[in-house]
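Each residue of the sequence shown is one higher than the last, beginning at 21 in my numbering.
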Amino acid sequence: MKKSKDKKRRERKILIKRLVIFLFGAAVLLTACSSSQPEGQSGQWSEQRIISEAEQEQQAYIVNREEYDFFKSLYEKDTGNEPDDQELRNLIAYNHAEFYLSVLLGIRQDDSYEGLKQEWEQENDSRSEKLKSGEVFYGPSEFEFLSYYEYIHSNLRLENVEKLSQNADEQMDSEAEAYFEEHKEDYQEIQSIKCILSDGEKKEEKEFTYSEIRSLQKTNDALLQFLLNAEKGEVMEIQQDGRLIRVEFVSMSVTQKQYSEIKSTVMQDYIENQYYDGLVNEIAEAIPISYETEE
């Protein structure tokens with residue numbers, strides 16, 4: 021049975037994603053924490069173990085008025101709407117659960133709002149000293165607290181996902197493999213693309229190899245996007261050496277990756293797309309929170 025045009029375009033988008041991942045590699049995660057990271061607890065991290073740790077927390081996490089108002093302003097900034105009390109409490113609980121998980125996994129040392137504020141002050145002091153001494157560093161000379169929170173939080177999910185992936189147990193491995201079987205089309209790699217080139221005088225078939233496709237990222241991104249998204253018979257015209265070249269898409273050759281070859285990538289995709297939010301919500305439900313928000 022022939023695939024629909026929408027399905028083909030969806031698959032091409034997946035292939036673009038995989039190509040970009042291959043080209044640029046894993047993103048380097050920048051944090052403003054000290055260079056020495058806490059060790060955390062060792063061993064594999066099953067969902068049962070993580071929730072058990074959270075449920076053993078006897079002392080409630082206390083949210084004061086300042087933290088409550090901070091997340092209220094953050095919600096309004098991100099959505100343009102004013103949250104009701106329950107929406108805001110859900111946001112605070114989820115946020116704290118993410119920071120709690122990062123401490124549990126040995127990524128951070130403190131899961132509290134006050135701890136983050138102290139870290140922010142220390143980071144600004146450090147940058148001020150570097151500025152005075154003429155030392156070169158990246159980023160602003162001083163963070164506003166909101167921008168510092170966004171800087172840290174933007175990487176927190178990625179760091180948690182990576183750490184969970186590195187310490188996955190057998191059950192998670194089985195779930196990731198099942199995820200792979202359901203999403204095999206997401207894990208194909210482009211080998212070559214065939215097209216027909218013509219300039220009005222002559223016509224020739226051209227096969228772009230994988231290395232040539234990669235080089236188009238820098239030399240002709242518009243052509244690259246056409247080749248990655250076109251359907252058979254679609255045409256694009258480009259200027260080359262003063263000539264108008266007609267490019268007709270013919271076909272794309274791909275290979276199917278196996279789970280054992282890309283286990284780490286699949287594991288992170290599975291955790292990111294199907295596992296993480298549920299885990300963080302369970303942690304949020306397990307840890308008691310007390311609100312000191314009276315005027």
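We put the beta carbon where it would ideally sit given N, CA and C, even for glycine. None of the values given here were measured: they were computed from a predicted structure.
query, result
"Alpha carbon to alpha carbon, how far is F246 from N84? Give it in angstroms, no decimals.", "53 angstroms"
"What's the C-alpha gap between V286 and L125?", "20 angstroms"
"Since I307 and E77 should fall inside the 8 angstroms C-beta cutoff, what is the C-beta to C-beta distance between them, to a whole number of angstroms?", "5 angstroms"
"From what residue to what residue does the beta strand (DSSP E) around Q208 run?", "Q208 to S218"
"Which residue comes first and which comes last in the alpha helix (DSSP H) that contains V267?", "Looking at the DSSP string, V267 is not in any alpha helix (DSSP H); the run it does join, the beta strand (DSSP E), is R263 to Q276."
"So, using beta-carbon positions, are E302 and A74 closer together than 9 angstroms?", "yes"
"Determine the direct distance from the alpha carbon of S174 to that of Y95, and round the result to whole angstroms.", "15 angstroms"
"Could you tell me whether the Cβ atoms of I213 and F269 are closer together than 9 angstroms?", "yes"
"Only counting runs of 3 or more residues, tell me where the beta strand (DSSP E) segments fall wholly within the stretch 73-136, in order along the chain.", "81-84"
"Which of the three DSSP states, helix, strand or coil, is assigned to V156?", "coil"
"Using a threshold of 9 angstroms, state whether the C-beta atoms of S194 and Q288 are closer than that.", "no"
"Are A117 and V267 touching if we call contact CB-CB under 9 angstroms?", "no"
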